[in-house]
Amino acid sequence: MIRLPGFARPRAASSAIVLEGLRYIWPNKLTLGSILLDLFAVRLSGAVALLPVYARDILNAGAYGLGMLRSARAWARF
Numbered sequence: 028m029i030r031l032p033g034f035a036r037p038r039a040a041s042s043a044i045v046l047e048g049l050r051y052i053w054p055n056k057l058t059l060g061s062i063l064l065d066l067f068a069v070r071l072s073g074a075v076a077l078l079p080v081y082a083r084d085i086l087n088a089g090a091y092g093l094g095m096l097r098s099a100r101a102w103a104r105f
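If you want the numbering used here, it's the position in the sequence shown, counting the first as 1, plus 27.
Here you go:
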């Protein structure tokens, strides 16, 4: 096994670190916008939970259609 020498990590209050990050991000609107866009995209991505409703009520496709909808997400990466 490889042994790595330890290093001392400075101890800081977690609230101080968060405030420092906010002070950095607030004037940088491009960075702030990117982070907020990602935050909302992740929070609102619960649309996958609605796929059974779409397959059953809107598309009238049943289990086969639900499988196709769920697999479409993987195909979108290619």
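The beta-carbon is built from N, C-alpha and C at its ideal position, and this holds for glycine as well.
Quantities reported herein were computed from a predicted structural model and do not represent experimental measurements.
Beta-carbon proximity list for residue i, same chain, < 6 Å, skipping 5 on both sides
i: ALA88; result: ALA82
Through-space distance from residue j to residue i, alpha-carbon basis
i: VAL45; j: ARG70; result: 20 Å
i: LEU59; j: MET28; result: 42 Å
i: GLY94; j: ILE52; result: 41 Å
i: ALA43; j: ARG100; result: 40 Å
i: ALA102; j: PRO32; result: According to the sequence as given, residue 102 is Trp; it is not Ala. Those two C-alpha atoms are separated by around 45 Å.
i: LEU66; j: ARG30; result: 38 Å
i: GLY92; j: GLY73; result: 19 Å
i: ALA90; j: ALA68; result: 27 Å
i: LEU57; j: SER41; result: 25 Å
Cβ neighbours of residue i in the same chain (closer than 7 Å, five flanking residues each side left out)
i: ARG50; result: none
i: LEU86; result: GLY92
Cβ distance (whole Å) where residue i is taken to contact residue j below 8 Å
i: LEU64; j: LEU78; result: Not quite, the Cβ-Cβ distance comes to about 23 Å (not below 8 Å), so this is no contact.
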